[in-house]
Amino acid sequence: MEPLELASLISTIIRREVAQAGTLTAYRDPLCRWVTAEAPGFAELRRRLHPAHLMPHDLLPGARSVVSFFLPFAPWVVEANARDRVKVAQEWAVAYVETNSLIGRINARLIESLAEHGIRAAAEPATHNFDPVTLLSRWSHKSVAVIAGLGSFGLHQMVITDAGCAGRFGSLVLDAELPDLTPASRERCLFFHDGSCLECVQRCPVHALDANRPLDKGRCYHHLLTVAAQYQTVGIADVCGKCALGPCSLGSAVEGPATEAMDRGTGV
Ligand code: SF4
Ligand code: SF4
Numbered sequence: 000m001e002p003l004e005l006a007s008l009i010s011t012i013i014r015r016e017v018a019q020a021g022t023l024t025a026y027r028d029p030l031c032r033w034v035t036a037e038a039p040g041f042a043e044l045r046r047r048l049h050p051a052h053l054m055p056h057d058l059l060p061g062a063r064s065v066v067s068f069f070l071p072f073a074p075w076v077v078e079a080n081a082r083d084r085v086k087v088a089q090e091w092a093v094a095y096v097e098t099n100s101l102i103g104r105i106n107a108r109l110i111e112s113l114a115e116h117g118i119r120a121a122a123e124p125a126t127h128n129f130d131p132v133t134l135l136s137r138w139s140h141k142s143v144a145v146i147a148g149l150g151s152f153g154l155h156q157m158v159i160t161d162a163g164c165a166g167r168f169g170s171l172v173l174d175a176e177l178p179d180l181t182p183a184s185r186e187r188c189l190f191f192h193d194g195s196c197l198e199c200v201q202r203c204p205v206h207a208l209d210a211n212r213p214l215d216k217g218r219c220y221h222h223l224l225t226v227a228a229q230y231q232t233v234g235i236a237d238v239c240g241k242c243a244l245g246p247c248s249l250g251s252a253v254e255g256p257a258t259e260a261m262d263r264g265t266g267v
């Protein structure tokens, strides 16, 4: 299959699965972008941040491309979670659970459809693929998104895409080539742009964020587990997301030229 045709197939499947999701949660247009499995960012991630992070070929021997996609929540999901400073909205917890499950379905559909074209693909679950002690993921969907140029890390250590950070990421490794994409590195966090925002720091109910030090993962995770106890009815929902409600929630917080659909990575 030609790279362009393959990109179009992947985009179509993601968009169709989201349109037919049948979830309580509503979504905006999904974003999708890809990168070669040989991108230096993967080796760098392992060297600089997490020596045990998987490489694309660990997930799939013969890997050639890595696809990253983002399912952005509808604004009302964000608005619901912004109603209370500490209490996590049911809508947000449900969105987390439903979207993780939707990402699993999208990946299953992609793997199945690509197999019909003789293309092998593999994926890691959307969440809970991390070491409970170090809290490091063996395959970080967020880091993969940054390597693929889908977004950039904000001060809150979430990834801000052109559709914001309120949503969930998935990724897929495949043994076929996709079209080259122009690198689209862009600053989307106001703090890193000109220091004019600290909203995520101010919103964090447990002070896990601080502009002068990395995210206190232990403090954040402890809070998420506390929240999970409240949401046993919707499955494991160790969520919070209060830091994802600022100016980078639904779009880039930094004004800049709108990127074209394919370059922006919508492709869907
Ligand atoms: S809330 Fe402000 S400082 Fe925090 S990540 Fe978003 S833009 Fe950056
Ligand atoms: S998810 Fe919640 S606890 Fe964790 S950093 Fe964000 S606001 Fe703080």
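In numbering that gives the first Met the number 0, the protein residues as written are 0 to 267. Ideal Cβ positions, reconstructed from N, Cα and C, are used throughout, including at glycine. Since we're looking at a predicted model, the values are computed, not measured.
Pick out whichever of the options has its Cα sitting closest to the Cα of residue i.
| i | options | result |
| --- | --- | --- |
| leucine 58 | Ala228, Phe191, Cys199 and Arg119 | Arg119 |
| glutamate 254 | Asp193, Ala243 and Arg104 | Asp193 |
| glycine 61 | Leu101, Gln19, Asp174 and Arg167 | Asp174 |
| cysteine 196 | His206, Val205, Ser184 and Ala210 | Ala210 |
| arginine 185 | Met0, Tyr95, Pro55 and Gly250 | Gly250 |
| arginine 167 | Ala121, Glu78, Gly217 and Ala144 | Ala144 |
| proline 55 | Glu111, Cys239 and Ser170 | Ser170 |
| valine 77 | Glu90, Glu1, Ser10 and Cys31 | Glu90 |
| alanine 162 | Arg27, Arg14, Glu16 and Val17 | Arg27 |
| glutamine 201 | Ile159, Ala88, His155 and Pro178 | His155 |
| valine 85 | Ala107, Glu1 and Gln229 | Gln229 |
| isoleucine 159 | Glu43, Pro246 and Ser139 | Pro246 |
| serine 136 | Ala20, His49 and Glu16 | His49 |
| asparagine 106 | Gly153, Ala121 and Glu97 | Ala121 |
| leucine 70 | Arg82, Glu97 and Arg47 | Glu97 |
| valine 34 | Gly150, Pro178, Val87 and Leu224 | Pro178 |
| serine 112 | Ile12, Leu224 and Gly217 | Ile12 |
| glycine 150 | Arg46, Gln231, Arg32 and Gly117 | Arg32 |
| leucine 223 | Lys141, Arg47 and Ala92 | Ala92 |
| arginine 104 | Gly21, Gln231 and Val65 | Gly21 |
| glutamate 123 | Gln231, Val172, Lys241 and Phe152 | Val172 |
| valine 66 | Pro74, Ser142, Arg82 and His116 | Ser142 |
| glycine 153 | Ala25, Cys242 and Arg47 | Cys242 |
| methionine 157 | Ala114, Ile110 and Pro213 | Pro213 |
| tryptophan 75 | Thr24, Gly217 and Arg108 | Thr24 |
Name the two residues that bound the continuous alpha helix (DSSP H) containing residue i.
| i | result |
| --- | --- |
| valine 158 | Taken as a continuous stretch (DSSP letters only), valine 158 belongs to no alpha helix (DSSP H), being part of the beta strand (DSSP E) at 158–160. |
| leucine 103 | According to the sequence shown, residue 103 is glycine rather than leucine. 89–114 is the span of the alpha helix (DSSP H), which, as asked, contains glycine 103. |
| serine 10 | 2–18 |
| histidine 192 | 189–193 |
| histidine 155 | Here histidine 155 belongs to no alpha helix (DSSP H), and DSSP marks it neither H nor E. |
| glutamate 198 | 198–202 |
| leucine 58 | 55–58 |
| alanine 147 | No alpha helix (DSSP H) contains alanine 147, which DSSP labels as neither H nor E. |
| proline 50 | Segment: none, proline 50 is in no alpha helix (DSSP H) and carries neither H nor E. |
| proline 39 | 39–43 |
| alanine 79 | 74–80 |
Which residue comes first and which comes last in the beta strand (DSSP E) that contains residue i?
| i | result |
| --- | --- |
| arginine 167 | 166–173 |
| tryptophan 138 | Element bounds for tryptophan 138: n/a, residue is neither H nor E. |
| serine 151 | 150–152 |
| serine 64 | 64–71 |
| cysteine 31 | 30–35 |
If I'm right that residue i touches residue j with Cβ under 8 angstroms, what's the distance once you round it to whole angstroms?
| i | j | result |
| --- | --- | --- |
| cysteine 188 | alanine 252 | 6 angstroms |
| alanine 6 | isoleucine 146 | No, alanine 6 and isoleucine 146 are not in contact; Cβ-Cβ is about 17 angstroms, not under 8 angstroms. |
| alanine 165 | phenylalanine 68 | With 8 angstroms as the limit, alanine 165 and phenylalanine 68 do not qualify as a contact, their Cβ atoms being about 15 angstroms apart. |
| valine 226 | aspartate 215 | With 8 angstroms as the limit, valine 226 and aspartate 215 do not qualify as a contact, their Cβ atoms being about 16 angstroms apart. |
| alanine 207 | cysteine 199 | With a Cβ gap of about 10 angstroms, alanine 207 and cysteine 199 do not count as contacting. |
| asparagine 80 | leucine 244 | 6 angstroms |
| proline 2 | arginine 14 | Actually they are not in contact, since the Cβ atoms of proline 2 and arginine 14 sit about 19 angstroms apart, beyond 8 angstroms. |
| arginine 53 | tryptophan 138 | Inspection of the sequence shows that residue 53 is occupied by leucine rather than by arginine. Right, their Cβ atoms sit about 5 angstroms apart. |
| cysteine 239 | valine 87 | 6 angstroms |
| serine 10 | alanine 36 | Contact flag wrong, Cβ pair sits at about 19 angstroms. |
Using a Cβ-Cβ distance cut-off of 7 angstroms, determine whether residue i contacts chain D.
| i | result |
| --- | --- |
| aspartate 83 | Judged by its chain identifiers, the structure shown contains no chain D, having just a single protein chain. |
Exercise for the section: Taking 6 angstroms as the limit, tell me which residues put their C-beta closer than that to any heavy atom of ligand 1, in chain order. Expected result: Environment of ligand 1, chain-ordered: Gly153, Leu154, His155, Cys188, Leu189, Phe190, Cys196, Leu197, Glu198, Cys199, Gly245, Pro246, Cys247 and Ala252, taking every residue with Cβ within less than 6 angstroms of a heavy atom.
Exercise for the section: Please go through the region 205–251 and give each complete alpha helix (DSSP H) segment of 4 or more residues, from N-terminal end onward. Expected result: Within the region 205–251, the runs of alpha helix (DSSP H) that reach at least 4 residues and sit entirely inside it are, in chain order, 216–229.
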